[in-house]
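Numbering (this note's numbering), first residue to last: 1 to 201. Here's the structure, in structure tokens; my notes come after.
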Amino acid sequence: MLDEDSQNLPHNANILIIDDSRSIQVFVQELLHGAGYAVSSAYDGESGLALIHPSEPNVVLLDVEMPGMTGLQLLDQLAGKSRLFAIIMFTTRSALDQIVEGLTKGADDYIVKPFQPEELLARVASAKRSVAMKRELAQAHRQADEALLRLGEAQSQLIEEKKMQAIARLATGVAHEINNPLGFIQSNLGTLGRYAGYLLT
Numbered sequence: 001m002l003d004e005d006s007q008n009l010p011h012n013a014n015i016l017i018i019d020d021s022r023s024i025q026v027f028v029q030e031l032l033h034g035a036g037y038a039v040s041s042a043y044d045g046e047s048g049l050a051l052i053h054p055s056e057p058n059v060v061l062l063d064v065e066m067p068g069m070t071g072l073q074l075l076d077q078l079a080g081k082s083r084l085f086a087i088i089m090f091t092t093r094s095a096l097d098q099i100v101e102g103l104t105k106g107a108d109d110y111i112v113k114p115f116q117p118e119e120l121l122a123r124v125a126s127a128k129r130s131v132a133m134k135r136e137l138a139q140a141h142r143q144a145d146e147a148l149l150r151l152g153e154a155q156s157q158l159i160e161e162k163k164m165q166a167i168a169r170l171a172t173g174v175a176h177e178i179n180n181p182l183g184f185i186q187s188n189l190g191t192l193g194r195y196a197g198y199l200l201t
């Protein structure tokens with residue numbers, strides 16, 4: 001679970017560690033906590049996958065080799081899904097094929113075990129910046145979509161108003177055309193009556 005005071009942390013970023021090694025978990029958690037990050041953790045791929053949605057991480061640190069669901073299999077589960085977090089793989093120096101496969105499947109970066117604390121912090125910070133830009137871009141897209149929707153609604157309303165105005169003008173014109181003959185007939189009924197009386201006498 002996430003730390004309760006994560007909102008007060010200077011980085012305001014959540015990191016999810018998925019690694020079956022308790023020693024790695026303890027080391028990385030202490031390092032990230034010390035740097036001001038909120039950290040959640042899982043010790044296998046299945047529980048890590050289940051934590052991704054509720055914890056809303058900015059960065060996922062994913063071990064490639066784990067019992068059960070491996071890191072590469074977890075990447076397969078995420079393939080094709082929209083995500084606004086970065087994935088950094090933990091791998092070993094002899095696992096070049098895994099690095100290539102992981103990057104091909106959607107991982108954003110990798111770090112080789114054993115690693116220096118400064119390297120991990122630098123890669124996490126870089127991933128966090130990248131995610132921040134992606135989230136800002138996604139927010140801008142949502143706002144643009146909402147603005148287009150409101151514009152479409154306003155245009156539809158304007159079109160309806162113009163239709164009603166046109167109908168009103170047409171009705172007024174028709175009424176005018178009808179009233180003019182009636183007015184002519186009414187105004188000349190007396191004359192017609194007198195003329196008819198003259199003819200009958």
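All C-beta atoms in this analysis are idealised placements derived from N, C-alpha and C, irrespective of residue type, glycine included. As the structure is a computational prediction, the values presented were derived from the model and not from experiment.
Inset, instruction - Would you give the residue range spanned by the beta strand (DSSP E) that aspartate 108 belongs to? - result: Element bounds for aspartate 108: n/a, residue is neither H nor E.
Legend entry - Residue interval of the beta strand (DSSP E) (run including valine 28): Segment 22–34 is the alpha helix (DSSP H) holding valine 28; no beta strand (DSSP E) there.
Inset, instruction - Tell whether a beta-carbon distance below 7 Å holds between phenylalanine 90 and asparagine 58. - result: no
Inset, instruction - Would you tell me roughly how many angstroms separate the C-alpha atoms of glutamine 7 and glutamine 116, rounded to the nearest one? - result: Confidence at glutamine 7 is low in this model, with a pLDDT of 40, below 50, so its placement is unreliable and the value that follows should be read with caution. Spanning the two alpha carbons is a distance of roughly 27 Å.
Inset, instruction - Determine the closest residue to leucine 74 out of Leu49, Leu121 and Val28, with distance taken between C-alpha atoms. - result: Leu49
Inset, instruction - State yes or no: is the C-beta of lysine 128 nearer than 6 Å to some heavy atom of the ligand FAD? - result: Of ligands this structure carries none, so the ligand FAD is not represented either.
Inset, instruction - To the nearest angstrom, report how far apart glycine 102 and alanine 127 are at their CA atoms. - result: 16 Å
Legend entry - Boundaries of the beta strand (DSSP E) in which serine 41 is found, first to last residue: 38–42
Legend entry - Rounded separation between valine 124 and alanine 147 - CA only: 34 Å
Legend entry - Enclosing beta strand (DSSP E) for leucine 84 [first to last residue]: First-last for leucine 84: undefined, no H or E at that position.
Inset, instruction - Return the CA-CA distance between alanine 79 and proline 114, expressed in angstroms with no decimal places. - result: 28 Å
Inset, instruction - Assign valine 124 to one of three DSSP states: helix, strand, or coil. - result: helix
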